[in-house]
Amino acid sequence: LESINNKFITETIEVEQTVSHALKITNVNSLNDSWRAQARYTFSEPLQNSTHTFKCWIKSSARNQITLYVQNSGDNSQSNNHTIRDIGSGWTEVEIKVSPGANNRNSIVFNIADVAGDVYIDQVSLIRDNDQNKTELMQNNDMDDYELIDGRKVPTGWDTKTNDSNNTNPVC
Numbered sequence: 001l002e003s004i005n006n007k008f009i010t011e012t013i014e015v016e017q018t019v020s021h022a023l024k025i026t027n028v029n030s031l032n033d034s035w036r037a038q039a040r041y042t043f044s045e046p047l048q049n050s051t052h053t054f055k056c057w058i059k060s061s062a063r064n065q066i067t068l069y070v071q072n073s074g075d076n077s078q079s080n081n082h083t084i085r086d087i088g089s090g091w092t093e094v095e096i097k098v099s100p101g102a103n104n105r106n107s108i109v110f111n112i113a114d115v116a117g118d119v120y121i122d123q124v125s126l127i128r129d130n131d132q133n134k135t136e137l138m139q140n141n142d143m144d145d146y147e148l149i150d151g152r153k154v155p156t157g158w159d160t161k162t163n164d165s166n167n168t169n170p171v172c
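This is the structure:
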C-alpha cells in the first residue's frame, strides 16, 4: 500500500444488503483539494487507448461529488476526468464512458478530498467497449478479497494516499 504520513483512508466493510463487501473511504473534513486523498486501483497491464465503460455502485454519508481519473500510476499522468455528482445516502449505479487518452494509463483513481464523510464504492467494473468477449478488467471488483493489514481489511488491488494527517485510520 502507498501512503503518506502512514495514514490509510480506505477499508473493506461488510454490506448488509448483499452479504458482500464494499470499499469505504473516509475523510474527516473537506480538504478543498481533491488530490490530497485518493483511492486507486492499478491494473496489471496498461489499458488500451480506446473507449471503456466504467460502472460502480456508490453512496455517501452526505451529499457529495468525487472525481474519477484514468491515470499512469508511475508518473501520475492522466487524461479525462469525470465528476460523479449528487452522491447521496442511497446506493446509486454510476456508468461512465472513459478513454485512457494514451497507451500508458494503468489505473483508475477516485479523488475524494473534496468530500467530508464516508464514501462507499462497490461492484466496480471496467470493460473495453470493442471487446466482443466483454472481459472484466477489474479484479476484485466486488471487494470480497482483502488483505489484513494492521488489523484492517484492505481490498486487494487498491491503494490509497493522503496528504492530510487529520484523516483517520479505518477500523473494520
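Here the working numbering is used: the first residue of the sequence shown is 1, the next is one more, and so on.
Glycine included, each C-beta is placed from N, C-alpha and C at the ideal position.
Since the model is a prediction, treat every value here as computed from it, not as a measurement.
If you follow the beta strand (DSSP E) that residue i is in, where does it begin and where does it stop?
i: GLN65; result: 64-71
i: LEU23; result: 20-27
What would DSSP say about residue i, mapped onto helix, strand or coil?
i: LEU148; result: strand
i: GLN38; result: strand
i: PHE54; result: strand
i: LYS134; result: coil
i: SER60; result: strand
i: CYS172; result: Caution applies to CYS172, whose pLDDT of 28 falls short of 50 and renders its modelled position unreliable; the model cannot decide the point.
i: PRO155; result: strand
i: ASN163; result: Legend: pLDDT at ASN163 = 49, less than 50; position of this residue unreliable, value from coordinates given subsequently. Three-state result, ASN163: coil.
i: PHE8; result: Note on PHE8: pLDDT 38, under 50, position unreliable in the model; the coordinate value appears next. Note: PHE8 maps to coil in three-state DSSP.
i: GLU16; result: Confidence in GLU16 is poor, its pLDDT being 48 and thus under 50, which makes the residue's placement too unreliable to answer from.
Write down the C-beta distance between residue i and residue j rounded to the nearest angstrom, noting that I regard them as a contact closer than 8 Å.
i: ALA22; j: ASP122; result: 4 Å
i: VAL119; j: ILE58; result: 7 Å
i: GLY151; j: TYR41; result: That belief does not hold up - the Cβ atoms of GLY151 and TYR41 are roughly 23 Å apart, past 8 Å.
i: SER71; j: SER107; result: Reading off the sequence, residue 71 comes out as Gln, not Ser. Sure, about 5 Å apart at Cβ, within 8 Å.
i: ARG63; j: GLY88; result: 5 Å
| In chain order, each beta strand (DSSP E) run of at least 3 residues that lies wholly inside the region 70-126 | 78-87, 92-98 and 107-111
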